[in-house]
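So the protein sequences, as listed, match chains G and H. Heads up: the first sequence begins at 31 in this note's numbering, then just goes up one per residue. Heads up: the second sequence begins at 22 in this note's numbering, then just goes up one per residue.
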Amino acid sequence: MSPEAMVTCISVLTRLESLSLQFQSPRSRPDRTDRFLPQLTRTLLPALTCLDFKGVAEYLEDLVARIDVPLLETTFITFFNQLVFDIVQFPNLIYRTERFTVFDQADVVLDSYSINITLSPNGGSMNSIKLELAIKCRKIDWQLSALAQVCNLCLPTLSSLERLSICDSQYPPPDWQDDSHDIEHTQWLELLHPFATVKGLYLSKEVALRVASALQELSEERVTEVLPALQDIFVDGLEPSGLVQEVFHKFVTARGRQVSSLPVAIHS
Amino acid sequence: MVSGRRQSATANRSLTLLSLRCIDPFYRQGTAGTLPDVVLLEIFDFYVEENCHADDWHALVHVCRRWRNVVFSSPRRLNLELFCTPERPVTEMLNIWPELPIYVLYDDCPEVEALEDTDNVIAALKLKGSISGISLMVDSCHGSAVWEKIAAVMQDPFPMLKYLSLRPSLDMIPVIPDSFLGGSAPRLQRLFLHDIAFPALPNLLLSATNLVDLGLQDIPHSGYIKCLLKRWSLASLC
Numbered sequence: 031m032s033p034e035a036m037v038t039c040i041s042v043l044t045r046l047e048s049l050s051l052q053f054q055s056p057r058s059r060p061d062r063t064d065r066f067l068p069q070l071t072r073t074l075l076p077a078l079t080c081l082d083f084k085g086v087a088e089y090l091e092d093l094v095a096r097i098d099v100p101l102l103e104t105t106f107i108t109f110f111n112q113l114v115f116d117i118v119q120f121p122n123l124i125y126r127t128e129r130f131t132v133f134d135q136a137d138v139v140l141d142s143y144s145i146n147i148t149l150s151p152n153g154g155s156m157n158s159i160k161l162e163l164a165i166k167c168r169k170i171d172w173q174l175s176a177l178a179q180v181c182n183l184c185l186p187t188l189s190s191l192e193r194l195s196i197c198d199s200q201y202p203p204p205d206w207q208d209d210s211h212d213i214e215h216t217q218w219l220e221l222l223h224p225f226a227t228v229k230g231l232y233l234s235k236e237v238a239l240r241v242a243s244a245l246q247e248l249s250e251e252r253v254t255e256v257l258p259a260l261q262d263i264f265v266d267g268l269e270p271s272g273l274v275q276e277v278f279h280k281f282v283t284a285r286g287r288q289v290s291s292l293p294v295a296i297h298s
Numbered sequence: 022m023v024s025g026r027r028q029s030a031t032a033n034r035s036l037t038l039l040s041l042r043c044i045d046p047f048y049r050q051g052t053a054g055t056l057p058d059v060v061l062l063e064i065f066d067f068y069v070e071e072n073c074h075a076d077d078w079h080a081l082v083h084v085c086r087r088w089r090n091v092v093f094s095s096p097r098r099l100n101l102e103l104f105c106t107p108e109r110p111v112t113e114m115l116n117i118w119p120e121l122p123i124y125v126l127y128d129d130c131p132e133v134e135a136l137e138d139t140d141n142v143i144a145a146l147k148l149k150g151s152i153s154g155i156s157l158m159v160d161s162c163h164g165s166a167v168w169e170k171i172a173a174v175m176q177d178p179f180p181m182l183k184y185l186s187l188r189p190s191l192d193m194i195p196v197i198p199d200s201f202l203g204g205s206a207p208r209l210q211r212l213f214l215h216d217i218a219f220p221a222l223p224n225l226l227l228s229a230t231n232l233v234d235l236g237l238q239d240i241p242h243s244g245y246i247k248c249l250l251k252r253w254s255l256a257s258l259c
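Structure below.
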């Protein structure tokens, strides 16, 4: 099923408000030999407000390169597991979509089958303006690597994010024990890297432990490289004394010594 | 989308009530019997919209003759439909209710004697000019045979069709022939296909200019559009 053919189909559907394309397997890749070449005009879908896609990144890329969706507000994207996400057009779509400029909150959730990030306006769970992106994979180190790639490609187009939460889901939870040896600390730092405008960081207990360990490895000169606009850290179930508290305290103190850095407070 | 329509309906409702207040400076509470038809209709509209069960309007028409008249005077606005299932034969429904658009629901499960159950659904689907909605979920030991029987009566146009959902959870991925729905669905507003190969889908979509929701789920790897794209390219050369 080619993205080009799909766009040709839906180009006549000027009243289309909701489009859902969900592939059964990652085998449904567009033919890269007749890969899309840049064109001057995109097909306008003037009424589309909801896009729901599940497939490989290449298909989404070829699809969104061909469409303009000025009223888009609710977007659900699910990628199958891929080692490399070659994404250029999707960030452009985010950039072009006026309603996405209101996003100031990012919620990352890890579970046993996928990792996902939801971008929304503040208090956004009740709002229809939402971008939810999920990547299907089981191992946490793969999840982190995949999401870091996608976020590093997509998020630079969003300068309004102020709040980031990273939590593990309980339904079903990721297997921290099984994955503990595979996760490199730098993977957490790579995931945090694109959130340069975030002021508030919210972490679940399990995630806080791993993020704290990753921050611990930063040299003093590099502490402002991660989340440079950070002002508050909130940790779920933070104990007054313990490894997490201690590491975050060191991180905050090191940040305090940097002239350009804002003070950071730790909250439970 | 739905919330947008609801907001619009709520706004219209507020306007109606506002205009009532303007007309009657002593606007006050009263019994339902004192309400004008236009207000009753607003309330019924709200009731039908808030309740998702297709038969909810039945309760309204059983209250009194006046309510019945109000309901049946606005069948399109209240989206009145006769809900036909294997257990609710279309002939029975047409005997006891006024002529209304027909919504056919077949939600099969393995426990049901599926082949026998299709007779009522087939009978309903044969009333092609009256069908407004079709929702078929075939998943039983007789699945393929049931699907073939149902698909066979859907090869002609259904000119009033607004809603179509096909979910044949079979061992084999069914392929919908080019002649499905006679190749066009001009009034179709919502289309959902699940795990189906439909090579002629582009042609159908070209005719479905009123489509609002399009959902293609579990799209099989077999694919189904490329050959038609080539056909279009040739047409554009002519």
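The beta-carbon is built from N, C-alpha and C at its ideal position, and this holds for glycine as well. All figures in this text were calculated on a predicted structure; none of them were measured in a lab.
Here's the rule: buried if 16 or more other CB atoms are within 10 angstroms of the residue's CB, otherwise exposed. What is residue i?
| i | result |
| --- | --- |
| Y127 of chain H | buried |
| C80 of chain G | buried |
| P224 of chain G | buried |
| G272 of chain G | exposed |
| G154 of chain H | buried |
| N152 of chain G | exposed |
| N116 of chain H | exposed |
| L118 of chain G | Just to set this straight, residue 118 of chain G is Val in the shown sequence, not Leu. By the neighbour-count rule (16 or more Cβ atoms within 10 Å), V118 of chain G is not buried but exposed. |
| V265 of chain G | buried |
| T127 of chain G | buried |
| V84 of chain H | exposed |
| A87 of chain G | buried |
| L292 of chain G | exposed |
| Q217 of chain G | buried |
| R252 of chain G | exposed |
Could you give the distance in angstroms between the alpha-carbon of residue i and the alpha-carbon of residue j?
| i | j | result |
| --- | --- | --- |
| H279 of chain G | F53 of chain G | 46 Å |
| M158 of chain H | G85 of chain G | 24 Å |
| D82 of chain G | S48 of chain G | 8 Å |
| D58 of chain H | E71 of chain H | 20 Å |
| L36 of chain H | L61 of chain H | Bear in mind that the predicted position of L36 of chain H carries a pLDDT of just 49, short of 50, making it unreliable; the figure below should be weighed with that in mind. Going from the Cα of L36 of chain H to the Cα of L61 of chain H covers about 15 Å. |
| V241 of chain G | L93 of chain G | 36 Å |
| E192 of chain G | G230 of chain G | 6 Å |
| G54 of chain H | S95 of chain H | 19 Å |
| R305 of chain G | V294 of chain G | The first residue shown for chain G is 31 and the last is 298, placing residue 305 of chain G beyond what the model contains. |
| I213 of chain G | L149 of chain G | 25 Å |
| A244 of chain G | S205 of chain H | 59 Å |
| I246 of chain H | A145 of chain H | For I246 of chain H, the pLDDT reaches just 45, beneath the cut-off of 50, and the residue's location in the model is therefore unreliable, leaving the point undetermined. |
| S156 of chain H | Q210 of chain H | 14 Å |
| P100 of chain G | L194 of chain G | 26 Å |
| E220 of chain G | A80 of chain H | 59 Å |
| L99 of chain H | F65 of chain H | 7 Å |
| L56 of chain H | F93 of chain H | 17 Å |
| I40 of chain G | N90 of chain H | 41 Å |
| T105 of chain G | P207 of chain H | 27 Å |
| A77 of chain G | R45 of chain G | 6 Å |
Would residue i pass as an interface residue toward chain H - the criterion being a Cβ-Cβ separation below 8 Å?
| i | result |
| --- | --- |
| E47 of chain G | yes |
| L93 of chain G | no |
| F110 of chain G | no |
| A87 of chain G | no |
| F120 of chain G | no |
| S55 of chain G | yes |
| I165 of chain G | no |
| Q207 of chain G | no |
| A244 of chain G | no |
| I40 of chain G | yes |
| L74 of chain G | no |
For chain G, find out if any of its Cβ atoms is closer than 8 Å to the Cβ of residue i; answer yes or no.
| i | result |
| --- | --- |
| L237 of chain H | yes |
| V233 of chain H | yes |
| P1 of chain H | The question about residue 1 of chain H has no answer here: the residues shown for chain H are numbered 22 through 259. |
| L81 of chain H | no |
| H242 of chain H | yes |
| D199 of chain H | no |
| P220 of chain H | no |
Just to check my reading of the structure: residue i and residue j have Cβ atoms closer than 8 Å, yes? What is that Cβ distance to the nearest angstrom?
| i | j | result |
| --- | --- | --- |
| K149 of chain H | F179 of chain H | 5 Å |
| L187 of chain H | H215 of chain H | 7 Å |
| I143 of chain H | I171 of chain H | 7 Å |
| D76 of chain H | P107 of chain H | At roughly 16 Å, the Cβ-Cβ gap does not stay under 8 Å, so D76 of chain H and P107 of chain H are not in contact. |
| L102 of chain H | Y124 of chain H | The amino acid occupying residue 102 of chain H in the given sequence is Glu; Leu does not appear at that position. About 4 Å; that satisfies the 8 Å criterion. |
| L43 of chain G | A173 of chain H | Actually they do not touch by this definition, with Cβ atoms about 28 Å apart. |
| D239 of chain H | G203 of chain H | Their Cβ separation, rounded to whole angstroms, is 26 Å, which puts D239 of chain H and G203 of chain H out of contact at 8 Å. |
| Q173 of chain G | F115 of chain G | With 8 Å as the limit, Q173 of chain G and F115 of chain G do not qualify as a contact, their Cβ atoms being about 13 Å apart. |
Query raised in the report: Hey, is the stretch 176–196 of chain H in contact with the stretch 221–229 of chain H, meaning 3+ C-beta pairs nearer than 8 Å?
Result: no
**Report entry** contact_flag[the stretch 156–167 of chain G, the stretch 197–206 of chain G] where n(CB pairs < 8 Å) is 3 or more
**Finding:** no
Report task. Report yes or no: do three or more beta-carbon pairs, one from the stretch 255–262 of chain G and one from the stretch 218–235 of chain G, lie closer than 8 Å? Result -> yes
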